[in-house]
Structure formats: C-alpha cells, structure tokens
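Residue numbers (mature numbering (1 follows the signal peptide of the UniProt record, and there is no 0)): -34 to -1, 1 to 133.
Just so it is clear, CB atoms sit at the ideal spot from N, CA and C, and this is done for glycine as well.
Quick caveat: nothing in here was measured; it's all calculated off a predicted structure.
Report on the following structure.
If you want it as structure tokens, here you go:
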C-alpha cells in the first residue's frame, strides 16, 4: 500500500471514529444508559476498530428498520486466507482468474481487518444504499457481499471496481 493511500485510509478512519462517537452521543442523549447489548456487533472481532464501530451502528439501524444484516466473514488470519487462495487456484485454474474472487493473504483486506462480507442479500442491498452514512462502501461489482470503510461518514463511495483483481 502506498504511503499516500495509507495516510488517506488513516484520515478516513479517524473521521469515521469521530463521526460515530459524536453521533452516538447525540443520539443517546446526556442521561442515556447503555443497553445490555450495547457492545460491538457479532463478527467484528479482529476488525479495524473504525470498521467495527461503523458496521455495528449500521447493523443496528438496518435491524431497527426490520432488515436482516450480519457479518458472514470479517477478519481472517493469514492461514485462513491462504486456504481460500489455494481453493481459488484449484477452482479457477490460474492466479489471474482466481484473483477476481479471492486474493492472496498479503493483499487481502480481510487479513488486515479492513473488510467484511455480509448477508443476506437483502441486508447487503440495504448496506449498499445506506452504508455511506457510516463510511461503508461496496467495493466489487462481482461481490454484492463485500464492504469496506472507504469514505468519510456521509461521504460518497468510490466507484465500484469490476472485481478484486482491479485493486
């Protein structure tokens, strides 16, 4: 990752943390008490803290609107990603074709804790329509389930790439 991209990602994350903390305080009010399930959403262990917080808030809004949404896959260890990469090589026959669907561990945003795969499709559609309020963006045209923290909360998501090989 280039230094410029890393700095840009850090700025987005800091903005996201500030936004979600401020929004949480404003929504909660000065005398609010934490709900028993006020922790992070299921599946956020190992994720970048800004991504975990943004997703948790988005999931709560979706579920409050009656839309099912959950993390199917979040953080992956390098070994888990290597297994998926090897499966992809066997399935698709070449690294170039496999990269459209799965990346090696040293390139996967799941390994760095910067990506989530969500389900069901109804929830992913809701997240694509509403996620930018939290900085969450769908990244690939061929993966309706893959989201990353890719803009400042309330910002505009970057254009969706055809697939992961175009990163």
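message = Could you check if residue 62 belongs to the surroundings of the ligand COA, using beta carbon to heavy atom distance under 7 Å?
response = Ligands in the displayed structure: none, and consequently the ligand COA is not present.
ask   = When you compare only the Cα positions, how much space is there between residue 9 and residue 89?
value = 15 Å
ask   = In this structure, what does DSSP give as the bridge partners for residue 115?
value = 102
request  = Note down, in chain order, each residue of its chain lying with its Cβ closer than 6 Å to the Cβ of residue 131, except the 5 sequence neighbours on either side.
outcome  = 65 and 66
key: alpha helix (DSSP H) segment containing residue 63, residue limits   = 61 to 64
query = With 16 as the cutoff for other CB atoms within 10 Å, does residue 117 come out buried or exposed?
reply = buried
query = Between residue 27 and residue 120, what straight-line distance do the alpha-carbon atoms span, to the nearest angstrom?
reply = 15 Å
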